[in-house]
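The opening residue of the sequence shown carries number 4 in our numbering; numbering runs sequentially from there.
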Amino acid sequence: MKRILLACVAIAAAMSTARADAPPPDERQAVAMSEADRAWVLRAMRSHVEALRDITAGIAAGDLARSGDAAAAMGTDAMKADTTRPAGLRAKLPPAWITLVLAMHREFDGIRDGVQAREDATQLMARLGRVTTQCAACHAAYRIQVAP
Ligand code: HEC
């Protein structure tokens, strides 16, 4: 009896180790789009990182013009003026995705406005925190799935 019990404990321990090694399930919603759409989205994403780099480096160096320019380049007006977006991409995106995109662009507008209003670094960092909250929320919710 005792031996059986020990065997059960050993099996249970082995199973729990196996579970710990497995990657956690990906619960993000798949958004289907073409390979070309995906390439455009990912390129835009990389430019977001570059903007965050320029905004933070500008704040740190006291070069607020750099921060303001980088924020404006990611703002609502720049998004509207962008003619490179693949036709039909918007129709493939869930409404909540679009809400997050628009909120993100507005937060970038806020950084540009904060720079123009000569806000201090703490206020600008709070704005950066709000931008990156949008990045993180969308990344937690969605992944891209290439579909023809
Ligand atoms: C509305 C949704 C959304 C928002 C907002 C968003 N992202 Fe993304 N991002 C995605 C998705 C979806 C992917 C692809 C994830 C996947 O398929 O695994 C992605 C991928 C990326 C990648 C990978 C790029 C590559 O070449 O592989 C980077 C970097 C990135 N995002 C940065 C950012 C940053 C920084 C922000 C905010 C300033 C941001 N994203 C805002 C949805 C979003």
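Beta carbons: idealized from backbone N, C-alpha and C, even for Gly.
So, with DSSP's three-state summary, where would you put residue i?
| i | result |
| --- | --- |
| M48 | helix |
| A144 | helix |
| M177 | What the structure shows of the chain is the stretch from 4 to 151, and residue 177 is not part of that stretch, so it cannot be assessed. |
| G113 | helix |
| D66 | coil |
| A25 | coil |
| G96 | Residue identity differs from the one stated: residue 96 is Leu in this sequence, not Gly. In the structure shown, L96 sits in coil (DSSP, three-state: anything other than H, G, I, E or B). |
| G78 | coil |
| R88 | coil |
| D57 | helix |
With DSSP as the reference, identify every bridge partner of residue i, one or two as the case may be.
| i | result |
| --- | --- |
| M36 | V149 |
How about residue i and residue j: are their beta carbons less than 8 Å apart?
| i | j | result |
| --- | --- | --- |
| A74 | R115 | yes |
| A106 | Q137 | yes |
| A2 | M36 | For the chain, the structure presents residues 4 to 151; residue 2 sits outside this window and is missing. |
| S70 | V34 | no |
| T102 | W43 | no |
| R146 | R31 | yes |
Can you tell me whether residue i is buried or exposed? The criterion is at least 16 other CB atoms within 10 Å of its CB, across all chains shown.
| i | result |
| --- | --- |
| R130 | buried |
| H142 | exposed |
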